[in-house]
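*Asks:* Protein chains in written order, with the working numbering: chain A, 1 to 382; chain B, 1001 to 1296; chain C, 2001 to 2268. Built from N, CA and C at the ideal position, the CB exists for glycine as well. Bear in mind the structure is a predicted one, so any value in this text is a computation, not a measurement.
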Amino acid sequence: MASANPEIIHRALEKGAVTAVRYRFMERLLLVGAGVFGLLSLVTEGRLLLGLCLALLSVSAYRSIKHSRLLTAALTGLGSLFTAYVLLSFVDAVDNPAQGFWFQVIASWLLAWMCVEQLAAIKTLSRIYATALNILIPVLFGVWLLILWELLTRGFNVPQVLLPAPSLIAERFVESPHILWADFQQTFLKAVLIGYALGCGAGFIIAILIDRSPFLQRGLLPIGNLVSALPIVGVAPIMVMWFGFDWPSKAAVVIIMTFFPMLVNTVAGLSAAGAMQHDLMKTYAAGYWQSLFKLRLPEALPFIFNALKINSTLAMIGAIVAEFFGTPTVGMGFRISTEVGRMNVDMVWAEIAVAAVAGSLFYGAIALTERVFTFWHPSNRS
Amino acid sequence: MNKSSFFPVMLVAFAIIVVWYSFTVVMNLPWEKSVAERSGTTPSTMTMIRNTLQQERPVLPAPHQVVTEVINTTFKKKVTSKRSLVYHAGITLSSSMLGFFMGTVLGIVLAVAIVYNEALNKSLMPWIIASQTIPILAIAPMIIVVLNAIGVQGLLPKAFISMYLSFFPVVVGMVKGLNSPDRSYLDLMRTYHASAAQTFFKLRLPTSLPYLFTSMKIAVATSLVGAIVAELPTGAVAGLGARLLAGSYYGQTIQIWSALVVASIIAATLVMLVGIIGDWVNRRMGLAQSTPSGAH
Amino acid sequence: MSDKQHPNDAVINIDKLSLTFPSNDGDVHALSDIDLSINRGDFVSFIGPSGCGKTTLLRVIADLEQATAGSIDVNGMSPHEARLARAYGYVFQAASLYPWRTIAKNIALPLEIMGLKGKLIRERVQRNMELVDLAGFEKKYPWQLSGGMQQRVSIARALAVEPDLLLMDEPFGALDEIVRDHLNEQLLKLWAQTNKTIVFVTHSIPEAVYLSNRIVVMSPRPGRIYDIIDSDLPRDRELSIRETPEFLALANRVRDGLRAGHSYDEVA
């Protein structure tokens, strides 16, 4: 379907023609900049060979522009990664990196920027190629963010309590798998998952129960909508008092946070089916449960999954923040707050990395399930 | 809330208060019993039930206790007093508003950059979308402590957290909004040979406004949560978050509940204000009153 | 079939039927004093401008709307009883197929609701898919089909109930003319094969004349029957019949009726 849509081709060509002039100017500027900074590093003190290498790369990339975007992208991309590698390898050797070093960092970064510009400007009609590009570009961006972070923190000798270098965080991550795993178990596997299941389940069941009473719906919906906007994490200290320091109090916070979005979305989803669909079920003399299961629940699925996705993030936030109000000596929120107090910022970052990975995998799993169950929805059709 | 739902909402609210009172009695009764046991007296059931509603540190305070506390600490205290909820609410509100403002401006600027630069769209946008799925609030304590360590104190660190939280929904919503005009509308601008700036101000910006206000409603609510959470790690100095933490340290449940009620009132008011301004702007722009919502 | 006396084997009997909606600017007379009987095996079309109540009348027959005065019976029962007995199949303006069900599962939907079992469902689905020329598309999803094919699926779904009566509410209104001609031909063939009673709502004069043996011309405000035209065209028709003088004469009579109903409205 994707390969031969004349409209897409037409649009791609048109857009290319309009933006070509701007791109060429931008490209040249980036490469001239990289070249100038490379040469500048020769004049000031810096690694002579690296400066030459950067200047040479810029010139050859400049020459390659009119031949092929892919060639330019490869030259600048690989060149920037190589020079970054060299820079990383001697950043510690220089006691106080001088101007020349930073000129080279800037030149190398400009090359990487050029590479991203080139890759983003490639128009392709092949789906696999396009997907590969859509993954490669953000990955390259992320890698360069880490490189710059590493170079800046180490080059400027940023105190570790302020911002540790990524390599130090990774080191801490590898050194303390037991602590991280225990925290993950306590916060995610117990508080988040149990609270999430109970909160979403309760919201769904209550929505079904009040489905037959328009009166209750009209009463509960505005209140549910209101509560969804409130700072519910604030109930954490109360839950800690009621249910103690261990995970049940955190699960209780998660239940309260996830209940209302699920309730509101399910009620909205159950009324999503159109009048004609309802008439159709009526012509079949279908009963309440038949039209609930055959029509209204499938029609509500996109809404329910929307709530499940919102709630996955809310559950993580609720469980972690609730731990700031008191925990046994384990848990992601506990670790973050105590290690911050001890100025062990690298441990905090390692814990945040776990939270980020867990959060996005949790969300991703739900999104994937959604695609399986709502493949028919216009937003998922391929 | 329209007229037809006024009565049902009132009834549900009334039911909630009734349930609250009965829970107050049930949850506070064990304490009354143990008091009676220790003193060796046997008060009547009615006396015990009445007592459950006026404990000093109840497990669950009765609604009227919370309301009295809120009124006492808002209207009957000087606003500069550390015991005034207005003082604490003001501190939290000012940092969350500053952060919300910065986050919204930053979000709009970045969204425009993303819409007009393909490289940014392809490299940065996936990360922004992905970062919505992670619990960003977890880094709040670290930002506060680290900024404290380098001498940044007071309003600004908390505002940074609020900015950080409100920035993401605004970028995502605004990019969606700026890209929302139909192909035919964009083609129309092309037939006029409109410049990029003209297309932006006459087409993309107006059509993006409903999306902007929808995400600003989310952003203003999260910015308040951010400010409250940001007050936790510095050790309960001032603000609604500090009141929550201090209340939990000393078992002052009434204080916790009243801080929570005030925070909720502020959040509801802010969301409503943004909603009203959004509706007004949309009407002025001649756009549909309904803001984009629903599943997708 | 009925304890009442119906000449000509009538399936639907409507007697002095009215339907009034209350509204802020006074009552709206959607239907006023309708008298009509439809015989077994008839193909009856309701035609008229928008607001004449043709769809409302069909919905009253299907018990999707209730009359406020007068009487109506379908198969000798009240419309409500007829609906509970699944006495008719209904085809809507839009195909309204469920996107999460395959074509075969969509056609099976009413059968599942009636509580039929696996083998019987499969047979009926298969038979009706062949009837509308869609064999081989069982595993496709509705959104993978063209508009015309989707509407054929919805006809097969209505037929799957195996009703004697088929109610169709502008089923081809949203399709382009070529597809519409094709489906009209197929519908006539189906009518000949199954000998069902069909009530068909349309606003296209050629469609009404080409398909029906009785044409009910309606006019608005209040919605009422202006004329009932019996067609003497042969039941076995080709598309080319539309160029014959007999056809054109009928079409002119329908057009005159519509025009007269309209001018009456402007005087009133």
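Could you tell me the alpha carbon to alpha carbon distance between Thr2020/C and Glu2065/C, rounded to whole angstroms?
*Replies:* Taking the first residue of the third sequence as position 1, residue 2020/C is located at position 20. Taking the first residue of the third sequence as position 1, residue 2065/C is located at position 65. The straight-line gap from Cα to Cα measures roughly 11 Å.
*Asks:* From Met1965/C to Gly2041/C, what distance separates their C-alpha atoms?
*Replies:* Outside the displayed span of chain C (2001 to 2268) sits residue 1965/C, for which this structure offers no information.
*Asks:* For a contact meaning CB atoms closer than 9 Å, what does Leu2084/C contact in chain A?
*Replies:* By 1-based counting over the third sequence, the position of residue 2084/C is 84. Correct list: Ala285.
*Asks:* CA-CA distance, Met1272/B and Phe1007/B?
*Replies:* For this step, residue 1272/B is matched to residue 272 along the second sequence. For this step, residue 1007/B is matched to residue 7 along the second sequence. Going by the C-alpha atoms only, they are around 20 Å apart.
*Asks:* Can you name, in chain order, every residue of its own chain whose Cβ lies under 8 Å from the Cβ of Lys309/A, other than the five neighbours on each side?
*Replies:* For this step, residue 309/A is matched to residue 309 along the first sequence. Within the same chain, Lys309/A has close Cβ partners Tyr363, Ile366, Ala367 and Glu370.
*Asks:* Could you have a look at Ile122/A and say whether DSSP puts it in helix, strand or coil?
*Replies:* Along the first sequence, read from residue 1 onward, the residue named residue 122/A stands at position 122. Under the three-state reduction of DSSP, Ile122/A is assigned to coil, being neither helix nor strand.
*Asks:* Strictly below 7 Å CB to CB, what residues from chain A border Ser2050/C?
*Replies:* In the third sequence, counting from the first residue as 1, residue 2050/C sits at position 50. Within 7 Å Cβ-Cβ: nothing; Ser2050/C doesn't reach chain A, min ~17 Å.
*Asks:* Would you identify the three-state DSSP class for Val21/A, choosing helix, strand or coil?
*Replies:* Counted from its first residue, the first sequence places residue 21/A at position 21. Caution applies to Val21/A, whose pLDDT of 49 falls short of 50 and renders its modelled position unreliable; the model cannot decide the point.
*Asks:* Cutting at 6 Å between CB atoms, please list the residues of its own chain near Asn2013/C, excluding the five before and the five after it.
*Replies:* Numbered from its first residue, the third sequence carries residue 2013/C at position 13. Same-chain partners within the cutoff: Ser2037 and Asp2073.
*Asks:* From Thr19/A to Ile179/A, what distance separates their C-alpha atoms?
*Replies:* Working through the first sequence from its first residue, we reach residue 19/A at position 19. Working through the first sequence from its first residue, we reach residue 179/A at position 179. The predicted position of Thr19/A is uncertain, since its pLDDT is 49 and thus under 50; a value taken from the coordinates is nonetheless stated next. Answer to the nearest angstrom: the Cα atoms are 52 Å apart.
*Asks:* What are the uninterrupted segments assigned as alpha helix (DSSP H) that are 4 or more residues long and contained completely in the stretch 2049 to 2135 of chain C, given in chain order?
*Replies:* Taken in chain order, the complete alpha helix (DSSP H) segments of 4 residues or longer contained in the stretch 2049 to 2135 of chain C are 2054 to 2061, 2079 to 2084, 2103 to 2114 and 2118 to 2131.
*Asks:* Along the beta strand (DSSP E) that carries Ser2032/C, what are the first and last residues, could you check?
*Replies:* As a first step, residue 2032/C must be located in the third sequence, where it is residue number 32. Counting along the chain, the beta strand (DSSP E) containing Ser2032/C begins and ends at Val2028 to Asn2039.
*Asks:* Under a CB-based cut-off of 8 Å, is Met276/A close to chain C?
*Replies:* In the first sequence, residue 276/A corresponds to position 276, counting from 1. So, interface residue.
*Asks:* From the beta carbon of Trp2143/C, is the nearest beta carbon of chain A less than 8 Å away?
*Replies:* By one-based count along the third sequence, residue 2143/C stands at place 143. Cβ-Cβ to chain A under 8 Å: yes for Trp2143/C.
*Asks:* So, does the CB of Ile179/A fall closer than 8 Å to a CB anywhere in chain B?
*Replies:* Locating residue 179/A in the first sequence gives position 179, counting from the first residue. False, the Cβ-Cβ gap to chain B never drops below 8 Å.
*Asks:* Would you say Arg76/A and Leu54/A are within 8 Å of each other, going by their C-beta atoms?
*Replies:* Residue 76/A sits at position 76 when you count from the first residue of the first sequence. Residue 54/A sits at position 54 when you count from the first residue of the first sequence. Here residue 76/A turns out to be Thr, not Arg, going by the sequence shown. It is not a contact, given that the beta carbons lie outside the stated cut-off.
*Asks:* Ignore the nearest five residues each way along the sequence and tell me which others in Ile137/A's own chain have a CB closer than 8 Å to its CB.
*Replies:* If you number the first sequence from 1, residue 137/A lands on position 137. Closer than 8 Å at Cβ, skipping near neighbours: Val116, Leu119 and Ala120.
*Asks:* Looking at the strands, I want to know which residues DSSP matches up with Arg2214/C.
*Replies:* If you number the third sequence from 1, residue 2214/C lands on position 214. For Arg2214/C, which the question treats as bridged, DSSP gives the partners Val2044/C and Asp2230/C.
*Asks:* Flag Gln118/A as yes if its beta-carbon sits less than 8 Å from any beta-carbon of chain C, otherwise no.
*Replies:* Position 118 of the first sequence holds residue 118/A. Output row for Gln118/A: interface = no.
*Asks:* Can you find a C-beta in chain A that's less than 8 Å from the C-beta of Tyr2210/C?
*Replies:* Here residue 2210/C is taken as the residue at index 210 of the third sequence, counted from 1. No, Tyr2210/C does not count as interfacial toward chain A.
*Asks:* Leu280/A touches chain C at which residues, Cβ-Cβ below 8 Å?
*Replies:* The count along the first sequence starts at 1 and reaches residue 280/A at position 280. Neighbours of Leu280/A in chain C, taken as residues whose beta carbon is under 8 Å from its own, are Tyr2090, Phe2092 and Ser2096 in chain order.
*Asks:* Compare the C-beta of Lys294/A with all C-beta atoms of chain C and state if any pair is closer than 8 Å.
*Replies:* For the purposes of this step, residue 294/A is taken as residue 294 along the first sequence, with counting starting at 1. In terms of beta-carbon proximity, Lys294/A lines the interface with chain C, with at least one pair separated by less than 8 Å.
*Asks:* With DSSP as the reference, identify every bridge partner of Leu1155/B, one or two as the case may be.
*Replies:* Translated into the one-based positions of the second sequence, residue 1155/B becomes position 155. Per DSSP, none; premise fails for Leu1155/B.
*Asks:* Report the option in Ala268/A, Glu339/A, Asp346/A and Tyr284/A whose CA atom is closest to the CA atom of Glu2162/C.
*Replies:* Mapped onto the third sequence, residue 2162/C falls at position 162. For the residues Ala268/A, Glu339/A, Asp346/A and Tyr284/A, the minimum Cα distance to Glu2162/C belongs to Tyr284/A.
*Asks:* Could you check if Val21/A is buried or exposed, using at least 16 other CB atoms within 10 Å of its CB as the buried criterion?
*Replies:* Numbered from 1 along the first sequence, position 21 holds the residue referred to as residue 21/A. Here Val21/A scores only 49 on pLDDT, less than 50, and its place in the model should not be relied on; the value that follows carries that caveat. Its Cβ having fewer than 16 others within 10 Å, Val21/A is exposed.
*Asks:* For Val2161/C, which three-state DSSP category applies?
*Replies:* Here residue 2161/C refers to the residue found at position 161 when the third sequence is read from its first residue. The answer is coil: DSSP assigns Val2161/C none of H, G, I, E or B.
*Asks:* Whose Cβ in chain B lies nearer than 8 Å to the Cβ of Arg335/A?
*Replies:* Locating residue 335/A in the first sequence gives position 335, where the first residue counts as 1. What Arg335/A touches in chain B: nothing, since even the nearest Cβ is about 10 Å away.
*Asks:* Below 9 Å on C-beta distance, what does Lys1176/B contact in chain A?
*Replies:* Along the second sequence, one-based indexing puts residue 1176/B at 176. Those do not exist, as Lys1176/B stays about 13 Å from chain A at its closest Cβ, beyond 9 Å.
*Asks:* Using CA coordinates, which residue listed in Ile232/A, Gly244/A and Tyr288/A is at the minimum distance from Ile256/A?
*Replies:* Within the first sequence, the letter at position 256 stands for residue 256/A. Considering only alpha carbons, the answer is Ile232/A.
*Asks:* Within 8 Å of any Cβ in chain A, is that where the Cβ of Ser1223/B sits?
*Replies:* Taking the second sequence and counting its residues from 1, one reaches residue 1223/B at position 223. No, Ser1223/B does not count as interfacial toward chain A.
*Asks:* To the nearest whole angstrom, what separates the beta carbons of Tyr2226/C and Ala2174/C, a pair I think is in contact under 8 Å?
*Replies:* Here residue 2226/C refers to the residue found at position 226 when the third sequence is read from its first residue. Here residue 2174/C refers to the residue found at position 174 when the third sequence is read from its first residue. Incorrect: roughly 26 Å between the Cβ atoms, too far for contact.
*Asks:* Starting from Lys1033/B and walking both ways along the alpha helix (DSSP H), at which residues does that stretch end?
*Replies:* The residue you call residue 1033/B lines up with position 33 of the second sequence. Bounds of the alpha helix (DSSP H) holding Lys1033/B are Phe1006 to Ser1039.
*Asks:* Identify every residue that forms a DSSP beta bridge with Asn2013/C.
*Replies:* For the purposes of this step, residue 2013/C is taken as residue 13 along the third sequence, with counting starting at 1. Per DSSP, Ser2037/C and Asp2073/C.
*Asks:* Helix or strand or just coil, what does DSSP make of Met1285/B?
*Replies:* As a position in the second sequence, residue 1285/B is number 285, starting the count at 1. In this structure, Met1285/B counts as coil in the three-state DSSP scheme.
*Asks:* Could you tell me which whole alpha helix (DSSP H) segments of length 4 or greater appear in the stretch 40 to 92 of chain A?
*Replies:* 48 to 64 and 69 to 90
*Asks:* Is Val161/A helix, strand or coil by DSSP?
*Replies:* By 1-based counting over the first sequence, the position of residue 161/A is 161. In this structure, Val161/A counts as coil in the three-state DSSP scheme.
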